[in-house]
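Heads up, the thing below is written out as structure tokens.
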Amino acid sequence: MATLDFSKPLYALAPLAGFTDLPFRSVVKKFGVDLTVSEMISSNALVHNSKKTYKMLEKSPVEDPYSIQIAGSDLEVIRRAVEIINEQEGVSVIDLNCGCPAPKVVNNLQGSSLLTDLPQMGKVIETIKKHSNKEYTSVKFRLGFNEKNHVEIAKLCEASGADFIAVHGRTRAGRYKAPVDYDAIREIKESVSIPVIANGDIDTPAKAQWVLEHTGADGVMIGRAAVGKPWIFKQIKEGMEQPSSALIKEVVLEHFDQMIDYYDKYGAIIFRKNLHSYSKAGYKGASIFRDTVNRIEDPKEMREVVEEFFSQKFFYED
Numbered sequence: 001m002a003t004l005d006f007s008k009p010l011y012a013l014a015p016l017a018g019f020t021d022l023p024f025r026s027v028v029k030k031f032g033v034d035l036t037v038s039e040m041i042s043s044n045a046l047v048h049n050s051k052k053t054y055k056m057l058e059k060s061p062v063e064d065p066y067s068i069q070i071a072g073s074d075l076e077v078i079r080r081a082v083e084i085i086n087e088q089e090g091v092s093v094i095d096l097n098c099g100c101p102a103p104k105v106v107n108n109l110q111g112s113s114l115l116t117d118l119p120q121m122g123k124v125i126e127t128i129k130k131h132s133n134k135e136y137t138s139v140k141f142r143l144g145f146n147e148k149n150h151v152e153i154a155k156l157c158e159a160s161g162a163d164f165i166a167v168h169g170r171t172r173a174g175r176y177k178a179p180v181d182y183d184a185i186r187e188i189k190e191s192v193s194i195p196v197i198a199n200g201d202i203d204t205p206a207k208a209q210w211v212l213e214h215t216g217a218d219g220v221m222i223g224r225a226a227v228g229k230p231w232i233f234k235q236i237k238e239g240m241e242q243p244s245s246a247l248i249k250e251v252v253l254e255h256f257d258q259m260i261d262y263y264d265k266y267g268a269i270i271f272r273k274n275l276h277s278y279s280k281a282g283y284k285g286a287s288i289f290r291d292t293v294n295r296i297e298d299p300k301e302m303r304e305v306v307e308e309f310f311s312q313k314f315f316y317e318d
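Sequence positions in the sequence shown follow full-length UniProt numbering and run 1 to 318.
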């Protein structure tokens, strides 16, 4: 199993509920991302044997290293969830979610609401660290709940046994709209000795480079900007140019086929949101296409429509 190399910038795919499932992660992996992370997994659902949640633990053979992210605050439930993950092979990291701002998560003292109870947050990290047989324990968190107390949070993570941290540069109150505070990420980097991965609004290779230089972070984590543009990691790491329409077509069809393999025919319906993102790359008739796929449920019919749409060249190609 691969270990994480922090001697050079580490590029990670952020966990995004509803998007970073196994088919998407395996597509992104082809473009050189260093670390992939599962969608956020409820520790409660896991210990109650939810079939759907168990399926979310699955990884592609190409995902190495691979991180499983859990949410929760009940120490007994966390311990049992860790013991279940311990039985999964090919997992390098168990990550604790202390960043999700969604009310249904926050209302159960999970996600970013753990930032309101730092003693409990510390105990959860210690519990994961103590019971996990995986190489790394990590924490992904925001700068605070309503107000920033980011350095205090980072130091708590380090003291509780986290091997590295990923920091989303907004408070919970900032959701996804407030400007990202990269200065705060730099302050965190200066205050702890464990690796720090910067996250939030990193959407171009130039921005990734700037964030690394500005914050001094050991890596960057990209989520929303990779949806519809899984090649962003290759652009950052290797200076790859804009992908050709032929490459995009190949990626979209491979992603679609993986969705059907993984979810059966329901995969076509789930894939609509991905098609909305992929079709924004400079195609004629994109809004009509999105309208069309929203009505299609049959995988065979959808694949034909997708193949035809993505066979066209961009506005700017000869």
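Beta carbons: idealized from backbone N, C-alpha and C, even for Gly.
Quantities reported herein were computed from a predicted structural model and do not represent experimental measurements.
Per-residue DSSP class, three states only, for residue i
| i | result |
| --- | --- |
| residue 291 | helix |
| residue 265 | coil |
| residue 308 | helix |
| residue 296 | coil |
| residue 213 | helix |
| residue 147 | coil |
| residue 48 | coil |
| residue 303 | helix |
| residue 207 | helix |
| residue 320 | The structure shown does not extend to residue 320, since the chain spans only 1 to 318, so no value can be given for it. |
| residue 318 | Below a pLDDT of 50, predicted positions are generally treated as unreliable, and residue 318, at 41, falls in that range; no measurement from the model is reported. |
| residue 19 | coil |
| residue 1 | coil |
| residue 375 | What the structure shows of the chain is the stretch from 1 to 318, and residue 375 is not part of that stretch, so it cannot be assessed. |
| residue 89 | coil |
| residue 249 | helix |
| residue 178 | coil |
| residue 226 | helix |
Where the beta strand (DSSP E) through residue i begins and ends
| i | result |
| --- | --- |
| residue 164 | 164-168 |
| residue 140 | 136-142 |
| residue 198 | 196-199 |
| residue 10 | 10-13 |
Beta-bridge partners of residue i, as assigned by DSSP
| i | result |
| --- | --- |
| residue 70 | 41, 96 |
| residue 36 | 66 |
| residue 82 | Paired residues: none, contrary to the question. |
| residue 221 | 12, 199 |
Within 7 Å, strictly: CB atoms of residue i and residue j
| i | j | result |
| --- | --- | --- |
| residue 156 | residue 122 | yes |
| residue 65 | residue 39 | no |
| residue 126 | residue 161 | yes |
| residue 188 | residue 137 | no |
| residue 215 | residue 182 | yes |
| residue 60 | residue 26 | yes |
| residue 130 | residue 91 | no |
| residue 191 | residue 151 | yes |
| residue 314 | residue 245 | yes |
| residue 212 | residue 9 | yes |
| residue 69 | residue 97 | yes |
| residue 163 | residue 6 | no |
| residue 220 | residue 208 | yes |
| residue 28 | residue 230 | yes |
| residue 11 | residue 233 | yes |
Nearest neighbour of residue i, chosen from the options [CA to CA]
| i | options | result |
| --- | --- | --- |
| residue 351 | 163, 223, 82 | Residue 351 lies beyond the range of the chain shown here (1 to 318); nothing can be said about it. |
| residue 223 | 244, 3, 36 | 36 |
| residue 142 | 130, 102, 159 | 102 |
| residue 62 | 32, 293, 206 | 32 |
| residue 4 | 312, 181, 165 | 165 |
| residue 250 | 285, 67, 278 | 278 |
| residue 287 | 309, 17, 201, 206 | 309 |
| residue 228 | 148, 284, 274, 86 | 274 |
| residue 42 | 179, 272, 104 | 104 |
| residue 335 | 186, 225, 281 | Outside the modelled stretch of the chain, which goes from 1 to 318, sits residue 335, for which no answer is possible. |
| residue 57 | 218, 236, 262 | 262 |
| residue 52 | 79, 21, 29 | 21 |
| residue 30 | 80, 295, 235 | 235 |
| residue 257 | 47, 300, 238 | 300 |
| residue 171 | 294, 7, 147 | 147 |
| residue 201 | 179, 77, 194 | 179 |
| residue 340 | 311, 282, 280, 269 | Since the displayed the chain opens at 1 and closes at 318, residue 340 lies outside it and no answer follows. |
| residue 46 | 19, 78, 28 | 78 |
| residue 291 | 116, 281, 305 | 305 |
| residue 185 | 140, 203, 173, 163 | 140 |
| residue 153 | 132, 174, 173, 116 | 116 |
| residue 159 | 230, 193, 173, 144 | 193 |
| residue 18 | 259, 283, 295 | 259 |
| residue 76 | 124, 265, 149, 233 | 124 |
| residue 267 | 241, 23, 13, 237 | 23 |
Residue interval of the alpha helix (DSSP H) (run including residue i)
| i | result |
| --- | --- |
| residue 107 | Note, residue 107: premise wrong, no alpha helix (DSSP H); not H, not E. |
| residue 154 | 150-160 |
| residue 184 | 182-191 |
| residue 124 | 118-131 |
| residue 26 | 22-29 |
| residue 275 | 272-278 |
| residue 234 | 232-238 |
CB contact below 7 Å: residue i versus chain D
| i | result |
| --- | --- |
| residue 299 | As a matter of chain content, chain D is missing from the structure shown, which is built from one protein chain. |
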